[in-house]
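Have a look at the structure below before the remarks.
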Amino acid sequence: MSRCQPPPSRSTPLGTMTLGLVLLSATGLAQTTTLPTLTLEDALARLAQAPSVTAARLSVQVAQQNYAAARNALGVSVSVNGSAGYAGGFTSTAADGSTVNTASSLSGSAGVQFSLGLLPWASSQIGLQASARSLALAEARQQETQASTRLNVYAQYLAAVVAGQDVALANQTVAFRQRQQAVAQAQADVGNATPESVLSAGADVLTAQASALSAAADLDAARRNLAALLNVDLTGTVFPSQPPSTFILPDLAALLSRARTSSRAVLQARNDLADAQDTLNTQQREANLPTLNAGLRYGPAGSGGLSASLNVKDGTAGVGYTLPLGGSSGADRLSASLTGSYVLYSPGVRAQVSAAQASVTQGQLSLNTAQSDAELNVRTRYSAAQTATINLRTSATQVQVAQAGLDAAGLRLSAGTGTQDDVTAAQITLAQAQRNLLAARSTAQQAVLQLENSVY
């Protein structure tokens with residue numbers, strides 16, 4: 002059994018009235034109170050304080066210090082050495098029965114040694130190359146972090162700008178829907194409107210109020226996200242900066258070239274390949290080079306004098322001088338020595354070489370993949386930026402259409418064939434089109450920034 006619906010209330014619902022008063026009071030407060038502002042330039046100027054940027058900068062400083070230490074290690078290393086000994090006196094009996102007394106003696110030496118990583122595969126040379134690669138990678142990561150953080154600032158700031166426009170549009174829509182509800186109620190009172198039209202007008206008010214609350218929540222979320230990113234308090238802050246109205250896309254070929262050579266992922270893959278190549282070179286030297294040590298010495302026959310040495314496998318050379326203490330043991334003379342060994346067969350060494358070769362092959366494949374991914378990323382973002390700029394022109398055209406609609410509504414009102422509600426509705430349509438254009442400009446700017454960041 003169906004029941005008759007009760008007649009619509011002649012008064013505005015309490016919830017609708019309360020929410021409307023809140024929105025109107027907030028609008029009035031914004032109009033009478035000077036709120037703090039934050040421009041986009043000011044927000045970008047605070048990027049250096051972002052935690053991620055600070056961490057990346059510290060990583061570069063550490064890499065620079067490591068590189069400086071590795072470069073200093075290429076120079077000559079100096080070390081000193083010394084020794085001392087004591088032999089006590091003793092008495093012995095000779096074969097003929099006589100007693101032989103041997104006096105106590107002191108002996109020792111003091112010397113200095115100079116060493117240098119002479120050959121290209123010396124550990125100091127390899128360490129310098131590895132430090133240079135690590136520094137380049139740290140700098141690439143810093144650029145990537147700065148670009149990513151900068152994009153986040155743009156995204157959150159522009160989100161706040163669009164949300165602010167949404168709040169203004171929503172408040173305007175709420176006021177219009179409340180006026181329509183009041184008109185429908187007045188018409189129903191004199192029998193010129195049905196209860197359904199009054200209910201429909203009330204539903205439109207509730208929908209507009211829900212949109213207003215959602216817009217206010219979006220604005221608050223964007224403000225809080227930007228505050229967390231910049232580590233500042235942005236309570237009640239207004240965001241006056243606007244995105245540009247036109248954009249010029251960068252050259253695609255230049256972007257592809259930079260991404261394939263200097264992007265962070267490509268540098269990481271290239272460093273991994275270089276490390277694998279260093280390991281392979283080391284294993285090949287272990288397998289193919291003999292353990293060869295050559296030395297020269299000029300000095301007393303016993304010890305001391307000037308010496309020079311070369312270790313072929315380690316790639317190091319050294320020069321030193323040792324001064325014997327307590328008297329020399331003979332005339333100065335030149336002596337030379339050469340020692341070495343060679344592994345004729347070792348399955349373990351050969352297996353290590355094969356494993357290192359496989360790592361190099363894998364590293365080359367990873368580098369090729371990283372370069373292909375970098376190129377694909379650039380092309381994808383370039384296409385997205387093109388689409389965003391096309392949508393921007395479409396939104397601009399929609400603003401022109403809405404403006405023409407508003408002009409037509411004004412003419413109809415002047416001619417007596419239209420109503421003020423028609424003009425207000427056209428004004429809201431224009432405001433919505435302007436909001437959509439602002440959002441399209443925001444999207445286009447972020448798409449262009451993402452395209453520019455694709456090289457990092």
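Just so you know, we're using the working numbering here: the sequence shown kicks off at 2 and counts up by one.
For every residue, glycine included, the Cβ atom is placed at its ideal position computed from N, Cα and C.
Keep in mind it's a predicted model, so treat the numbers as computed, not measured.
9 Å Cβ cutoff met for residue i and residue j
i    : j    : result
V163 : R380 : no
A83  : A111 : Reading the sequence as shown, one finds Gly at residue 83 and not Ala. It is a contact, given that the beta carbons lie within the stated cut-off.
R439 : P244 : It should be pointed out that residue 439 corresponds to Leu in this sequence rather than to Arg. In contact: L439 and P244 (Cβ atoms closer than 9 Å).
G90  : T103 : yes
R442 : S396 : yes
L231 : Q50  : yes
Q181 : D422 : yes
V361 : L297 : no
S135 : N272 : yes
Y158 : A223 : yes
A332 : P291 : no
L235 : D167 : no
Q186 : A176 : no
R142 : A57  : yes
V354 : Q285 : yes
A70  : S132 : yes
Y68  : Q447 : no
A410 : A434 : no
V61  : E140 : yes
Y299 : R334 : yes
V199 : A189 : yes
L107 : L324 : no
L414 : V402 : no
T40  : S242 : yes
A357 : T283 : yes
Enclosing alpha helix (DSSP H) for residue i [first to last residue]
i    : result
D221 : 196–231
Q428 : 421–454
A260 : 253–263
Under the three-state DSSP convention, the category residue i falls into
i    : result
L377 : helix
S415 : helix
R47  : coil
L30  : At L30 the pLDDT is 39, less than 50, meaning the model places this residue with poor confidence; the figure from the coordinates comes in the next sentence. DSSP places L30 in helix when its eight states are reduced to three.
P348 : helix
F91  : strand
N193 : coil
T292 : strand
Y322 : strand
V184 : helix
V1   : Outside the displayed range of the chain (2 to 457) lies residue 1, so it cannot be described from this structure.
G237 : coil
T103 : strand
A302 : coil
G76  : coil
T40  : coil
L297 : strand
A270 : helix
V402 : helix
L22  : A caution first: L22 carries a pLDDT of 35, below 50, which makes its placement in the model unreliable, though a value can still be read off. Correct three-state label for L22: helix.
S246 : coil
T35  : coil
G83  : strand
Residue range of the beta strand (DSSP E) that includes residue i
i    : result
N312 : 306–312
A96  : Counting along the chain, A96 falls outside any beta strand (DSSP E), and DSSP gives it neither H nor E.
N107 : Just to set this straight, residue 107 is Leu in the shown sequence, not Asn. Here the beta strand (DSSP E) through L107 covers 106–118.
P1   : Any property of residue 1 remains undetermined from this structure, which presents the chain solely from 2 to 457.
D333 : 333–342
Cut-off 7 Å between Cβ atoms - residues of its own chain near residue i, not counting five sequence neighbours on either side
i    : result
S264 : A375, V456, Y457
G237 : L36, P37
L393 : A441, R442, A445
A123 : D315, G316, T317
E287 : V350
S342 : P291, T292
Cutoff 6 Å; reference residue i; Cβ partners in own chain excluding five residues on either side
i    : result
A74  : S125
V1   : Examination of residue 1 is not possible in this model, given that the chain is present from 2 through 457 alone.
L117 : V77, A318
V81  : V113
V449 : F248, A386
Residue-chain proximity (residue i, chain B), Cβ-Cβ < 9 Å
i    : result
V350 : Going by chain labels, chain B is absent from the structure shown, which holds only one protein chain.
heavy atom of the ligand SAH below 8 Å from residue i C-beta
i    : result
N392 : Looking for the ligand SAH in the displayed structure turns up nothing, as the structure carries no ligands at all.
Sequence-distant residues of its chain with Cβ nearer than 8 Å to residue i (five each side left out)
i    : result
T150 : L48, A51, S53, V54, L230
Q147 : L48, V54, A57
T420 : L414
Quick test of the definition: if touching needs 3 or more C-beta pairs under 8 Å, does the segment 337–349 touch the segment 362–376? no
When the Cβ atoms of the segment 244–256 are set against those of the segment 201–212, are three or more pairs found closer than 8 Å? no
Inter-stretch contact at 8 Å, needing at least 3 Cβ pairs: the segment 214–224 / the segment 167–181: yes
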